[in-house]
Structures are given as structure tokens and as C-alpha cells.
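Data block below; observations after.
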Amino acid sequence: MCGFKDLSLYLDRNTAISEMSHLRRVLIKYGPRFNDKGYFHRYVYMSNRDETITKALIELDSGDLELIDLRSVKFLDRPER
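Just so we're on the same page, this note's numbering is the position in the sequence shown counted from 1, plus 1.
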């Protein structure tokens, strides 16, 4: 398991999530948060001595912040294939 020392976030709680038009809407496709929706904030790089992994920081509609595996995130503003 990879660890990380510090994850500093600033989220303006005075702004409604619907007013944050710069955040992309996402759907969680796999895992324990299956079919949850939320907003993509940023990529987070987590590393230990031997490896680095990338996760997506997602603010779920419930208000929880989760680090989600990239393969589980689908951006909803992309056209269907």
C-alpha cells in the first residue's frame, strides 16, 4: 500500500457546488462507490520508495472527499462512444 505524508486542500464552503462550473462532473463506475456521482477536483500523486500511483480526488454529492482509482472514474461531459 502506498502512503502519503500530507494532502492539503482548500474548498470554499461558501460556494454552492452547482456554482463551481469549472469542476467536471463524474460517475464512479467500479468499487464500493459504484454509481455514485460527484465532481473531479484534481489528480493526487501518492508515492513510497518504490512506486508512484495516481488517484482522482472526487467530491461526492454527499460532500465526502474520496481518492478514487483512475480506471473507476468516468467524466460525464464526454460524448458517448
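Built from N, CA and C at the ideal position, the CB exists for glycine as well.
The structure displayed is predicted, hence computed values, not measured ones.
Give the C-beta separation of residue i and residue j to the nearest angstrom, bearing in mind that I take them to be a contact with Cβ-Cβ under 8 Å.
i	j	result
LEU58	VAL74	With a Cβ gap of about 10 Å, LEU58 and VAL74 do not count as contacting.
GLU67	LEU61	6 Å
LEU24	PHE41	6 Å
ARG34	ILE69	7 Å
Spatial neighbours of residue i within its chain, please: CB distance less than 6 Å, with the 5 preceding and 5 following residues excluded, ordered by chain position.
i	result
ARG50	none
Any idea if residue i is buried or exposed, counting beta-carbon neighbours within 10 angstroms, 16 or more meaning buried?
i	result
ARG26	exposed
GLY64	exposed
Near residue i, which residues of its chain fall below 7 Å by C-beta distance, leaving aside the five closest residues on each side in sequence?
i	result
GLY39	VAL27, ILE59, GLU60, LEU61 and ASP62
LEU77	ARG26, VAL27 and LEU28
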